[in-house]
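Participant:
Protein chains: 2
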Amino acid sequence: MRIEIVAVGSELLTSHHLDTNSLYLTGRLNELGLDVSFKTVVGDDLDTLRIALENALARSGLILIMGGLGPTDDDRTREALALALGRRLVFDPRLYEAVKSWFRGKRVRMSPANRRQAYIIEGGRPMDNKHGTAPGLWMETGLHRIALLPGPPHELKPMFEAAVWPRLERLRRKYLVRRVLKTTGLGESRLEDKIKDLYPRRPDIKITLPASPGQVDIHVAAVSEGSASAAEQKAQKLMKKLLARLGDRVFSWNGEDLEAVVGRILRERKSTLAVAESCTGGYLGHRLTNVPGSSDYFLGGILAYGNRAKIELLGVPEAVIERFGAVSPQAAKSMAEGVRKRMSSDLGLAITGIAGPSGGTPQKPVGLVFVALASEDGVEVFRNLFWGTRDIIKLQSSQKALDLLRRHFPEEKALLLEKRSGGE
Amino acid sequence: MRIEIVAVGSELLTSHHLDTNSLYLTGRLNELGLDVSFKTVVGDDLDTLRIALENALARSGLILIMGGLGPTDDDRTREALALALGRRLVFDPRLYEAVKSWFRGKRVRMSPANRRQAYIIEGGRPMDNKHGTAPGLWMETGLHRIALLPGPPHELKPMFEAAVWPRLERLRRKYLVRRVLKTTGLGESRLEDKIKDLYPRRPDIKITLPASPGQVDIHVAAVSEGSASAAEQKAQKLMKKLLARLGDRVFSWNGEDLEAVVGRILRERKSTLAVAESCTGGYLGHRLTNVPGSSDYFLGGILAYGNRAKIELLGVPEAVIERFGAVSPQAAKSMAEGVRKRMSSDLGLAITGIAGPSGGTPQKPVGLVFVALASEDGVEVFRNLFWGTRDIIKLQSSQKALDLLRRHFPEEKALLLEKRSGGE
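Residue numbers (our numbering), protein chains in the order written: chain G, 1 to 424; chain E, 425 to 848.
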């Protein structure tokens, strides 16, 4: 049985809008072991829409159609599907009552146009819409299973979960479990080299490595024909091997971002943090404060973009900047110590570097970034040479600084290895 | 003539990947007055791919197909199209030389599999790929115009521009010009009310209002059947009316972001800036330093996340915090003055507020944010009540602060009205 997702709406054929609903539906179908064969995007024009649906009926057995169920003249999905199936649209008085009562509940006057929404295709069964006026429709013919869903995601998702998912569960072929390990400190190809021999050579478990600047995730997808727990066990077994191999390169195994991991560690250790940022200009503080409750451990920081700020606010000796430059291990060290002292924090984390596009020299090229962490034990400084545009260099610098902080607490590694056996 | 875009690749049918190439192609087609009727996404399976292409050939006259042109067994697009068209694939020795010479140029050994890429469909004309090994293909039959393009965007775009665009230009129906005005300070519906009567009631010029937190853009799309300059004139005429109506709500008419506008103003005025951030945690500094060359005017700042940082680093009097709280107009004023003084900058810009999700009270709810600007003329303070999640409140706060800075220089308005008559 081929599966097709059809997204209806002329706005989806402009250069601004992508159909994101289909990602959601695809993810849910995959959990049942069902793969999508075709995705189609088509506009509101009745004729074009009818052709797209005729083609879908000819090539696919399960068709999820979304959008174009509203009350306006542009909403032609019901009509087009009726034409493509060669079936009549019939008025459903009970459905009309449901649409009317939705408006009553909202104390909004119903437009006569909404009467359109009370028509269903002969043989179809309406699906309730708790978050909007457009009812959905489920149909089974000898050849097809078809769902008509509303386009707005906050209407589509609850309707899919309540009325489509239970019907699709009967088609379940497999149980699929996805797990994600997030890593930093190794590039995509070096990471792959390190774990390649662990790649399962079986069709029931798969690894993919989506990468972003400073981070490579390991997605494990395990399937079982028997049960969800059997799939879960397969995934866990592989995750244990990956963790044993990668150790503290892995910072998260439950979806947590690096800033959230760092935040959790600081809260658990009752440590406070202050930052001194040069080339990142506030991005490190921004990431740290994206975590709700970060005021428990994040005291603040100093954006020392210019040299004077480094000297006057952070106490970096003028001689250090003159002799070694503002982008130097000495300056980074002094910044980390300075912000720790000024803000009376347990930890001081500093970044200084050249984010580009200009300002680089042969000795100090764009992408040269020093990160330093000051604590009661002293200061650790690391030199990095990043590659990419200004925003990518800022992102990688903040990632490296957060990771330095994470690795400052080595117990975290043991914790990770211990916790992972319990799964999420 | 119906137009269809077909994206080939099983990874596009997972729940992670969206086809973004199609936005690019759609935008370029629209510039010729050509609308897309169908977008299809299909995997690598030969049979499914053939069906998708047969349907495309039956319903569309211009078909842009991308992806699946590589050397591996998963790359079946050429083969599937040949089957769908009922034509043979023929080996092209000259094309083979081109593929080989690409590898020679890169000093990389060619795999025997790359020989596949030297096959073309009978009647097709190869298109050169300067950025990869996969040649493209252009075909015209009595019924169809077809382009086969490589999937990677950095290969697709140059090939499209060099070899497909000139061929499509012959199909040009209209000249389309897009112009964007960016506004802040008015919500979507209030902005629409203000300009609704200026909406053209003609099919040749259209307004859309894409909105994001703290910003509503006005997209003007004008078409002319005669010439690009006629379309440009139509767009300019409407833009003048919109500008006259909206005045300094408009901050950009050439694509510049608010941080870039502010940066340009500060550079032109030779003014220096320092920031004091509480609830935004560095996001304002991050935005300001996303602009290359921002070190010319941005000196740095203080992230005063906790109260002690506000008192000790910014000199906010303890009594102000005790009496009015850290989220108060008095604290905001004191923060702006404090950072201006500490960093010896011409301007001090401060933000203090409650980004949530917790920390709100009935008197001071989540979303309450004060922004203040200190200059030699004194301090301006504004109270805001934003709505949304933590990240949206941070975004809106930074937007408001940047806009306060922009409006501090009233000449900017005259400049805008003067410059706009010259277009971009």
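Virtual Cβ for every residue (Gly too), placed ideally from N, Cα, C.
1. Quick one: which residues of the stretch 173-207 of chain G get their C-beta closer than 8 Å to a C-beta of chain E? List them in chain order.
2. Would you check if there are 3 or more beta carbon pairs closer than 8 Å linking the stretch 653-662 of chain E to the stretch 606-621 of chain E?
3. In terms of residues, what are the limits of the beta strand (DSSP E) holding Tyr599(E)?
4. Given a cut-off of 8 Å on the beta-carbon distance, is the pair Ala798(E) and Ala750(E) in contact?
5. Can you find a CB in chain E that lies within less than 8 Å of the CB of Lys39(G)?
6. Output, in chain order, the set of chain G residues within a Cβ distance shorter than 9 Å of Arg543(E).
7. Would Ala659(E) pass as an interface residue toward chain G - the criterion being a Cβ-Cβ separation below 8 Å?
8. Under the assumption that Ser636(E) contacts Gly687(E) (Cβ atoms under 8 Å), give the Cβ distance between them as a whole number of angstroms.
9. Identify the residues that DSSP records as bridge partners of Trp138(G): which are they?
10. Hey, does Pro213(G) have any beta-carbon neighbour from chain E nearer than 8 Å?
11. If you draw a straight line from the C-alpha of Arg59(G) to the C-alpha of Val41(G), how long is it?
12. DSSP three-state label for Thr289(G), please.
13. At least one CB of chain E closer than 8 Å to the CB of Val8(G): is that the case?
14. Using a beta-carbon distance below 8 Å, is His154(G) in contact with chain E?
15. Rounding to the nearest angstrom, what Cα-Cα distance links Leu567(E) and Trp102(G) in this structure?
16. When you compare the CB positions of Ser676(E) and Val685(E), do they come within less than 8 Å of one another, or not?
17. Are three or more beta carbon pairs between the stretch 127-140 of chain G and the stretch 1-16 of chain G nearer than 8 Å?
18. What are the boundary residues of the beta strand (DSSP E) that Ser718(E) is part of?
19. Kindly say whether Asp74(G), judged by its beta-carbon, lies nearer than 8 Å to any beta-carbon of chain E.
20. Here's the rule I'm using: 16 or more other beta-carbon atoms within 10 Å means buried, otherwise exposed. How should Pro834(E) be labelled?
21. When burial is assigned at 16 or more other CB atoms within 10 Å of the CB, is Phe91(G) buried or exposed?
22. Between His144(G) and chain E, is there a C-beta pair that is closer than 8 Å?
23. Just to check my reading of the structure: Asn808(E) and Val793(E) have Cβ atoms closer than 8 Å, yes? What is that Cβ distance to the nearest angstrom?
24. Using a Cβ cut-off of 8 Å (strictly closer), state whether Ala825(E) contacts chain G.
25. Output yes or no for whether 8 Å exceeds the beta carbon distance between Ala668(E) and Met767(E).
26. How is Phe515(E) classed by DSSP in three states: helix, strand or coil?
27. Enumerated in chain order, which unbroken segments of the beta strand (DSSP E) with a length of 3 residues or greater are wholly contained in the stretch 221-300 of chain G?
28. Do you know whose CA, among Leu64(G), Leu288(G) and Leu303(G), lies nearest Met159(G)'s CA?
29. Tell me the DSSP secondary structure of Phe409(G) in three-state form.
30. For Phe722(E), go through chain G and note every residue whose CB falls closer than 7 Å to its CB, in chain order.
31. When you compare the CB of Ser752(E) with every CB in chain G, is at least one pair closer than 8 Å?
32. Are any of the Cβ atoms in chain G nearer than 8 Å to that of His440(E)?
33. Could you compute how far the alpha carbon of Leu841(E) sits from the alpha carbon of Phe806(E)?
34. Helix, strand or coil for Glu742(E), going by three-state DSSP, please let me know.
35. Ser358(G) touches chain E at which residues, Cβ-Cβ below 8 Å?
36. Suppose you measure from the CA of Asp19(G) to the CA of Ala506(E); what does that come to, to the nearest Å?
Facilitator: From the atom records:
1. So the list is empty, because no residue satisfies the distance condition.
2. No: the two stretches stay apart, fewer than three of their Cβ pairs being nearer than 8 Å.
3. DSSP places Tyr599(E) inside the beta strand (DSSP E), whose first and last residues are Tyr599 to Thr607.
4. No. Outside cutoff.
5. By this cut-off, Lys39(G) is an interface position.
6. First, the amino acid is wrong: residue 543(E) is Tyr here, not Arg. The contacting residues do not exist; Tyr543(E) stays about 26 Å from chain G at best.
7. No - not a single Cβ of chain G is within 8 Å of the one on Ala659(E).
8. About 20 Å separates the two Cβ atoms, so there is no contact after all.
9. Answer is Arg125(G) and Ala147(G).
10. Chain E, which has no Cβ nearer than 8 Å to the Cβ of Pro213(G), makes this no.
11. Our two residues, Arg59(G) and Val41(G), have alpha carbons roughly 16 Å apart in a direct line.
12. In this structure, DSSP gives Thr289(G) a helical state, which the three-state scheme calls helix.
13. Closer than 8 Å: no.
14. At least 8 Å separates the CB of His154(G) from every CB of chain E.
15. About 50 Å.
16. With respect to the 8 Å criterion, Ser676(E) and Val685(E) are classified as neighbours on the basis of their beta carbons.
17. Output reads no: the stretch 1-16 of chain G does not touch the stretch 127-140 of chain G.
18. Neither: Ser718(E) is in no beta strand (DSSP E) and is coded neither H nor E.
19. Not a single C-beta of chain E is nearer than 8 Å to the C-beta of Asp74(G).
20. Taking all protein chains in view, the Cβ of Pro834(E) is surrounded by fewer than 16 other Cβ atoms within 10 Å, so the residue is classified as exposed.
21. Counting every other CB atom within 10 Å of its CB across the protein chains shown gives Phe91(G) a total below 16, marking it as exposed.
22. So, not an interface residue.
23. In this structure, Asn808(E) and Val793(E) form a Cβ contact; the two beta carbons are roughly 5 Å apart against a cut-off of 8 Å.
24. Cβ-Cβ to chain G under 8 Å: no for Ala825(E).
25. A distance of 8 Å or more separates the beta carbons of Ala668(E) and Met767(E).
26. In this structure, Phe515(E) counts as strand in the three-state DSSP scheme.
27. Listed in chain order, the complete beta strand (DSSP E) runs (minimum 3 residues) inside the stretch 221-300 of chain G are 250-252 and 273-277.
28. Per the Cα distances, Leu64(G).
29. Look at Phe409(G) here: in three-state DSSP terms it is coil, with no helix or strand label.
30. The answer, in chain order, is Tyr305.
31. For Ser752(E), the closest Cβ of chain G is not nearer than 8 Å.
32. At least one CB atom of chain G sits nearer than 8 Å to the CB of His440(E).
33. Model confidence at Leu841(E) stands at a pLDDT of 45, short of 50, so the residue's coordinates are unreliable; what they give is reported in the following sentence. Taking the straight line from one Cα to the other gives about 26 Å.
34. The answer is helix: DSSP assigns Glu742(E) an H, G or I state.
35. Those within 8 Å of Ser358(G) in chain E are Pro716 and Gly717.
36. If you take the alpha carbons of Asp19(G) and Ala506(E), they lie about 30 Å apart.
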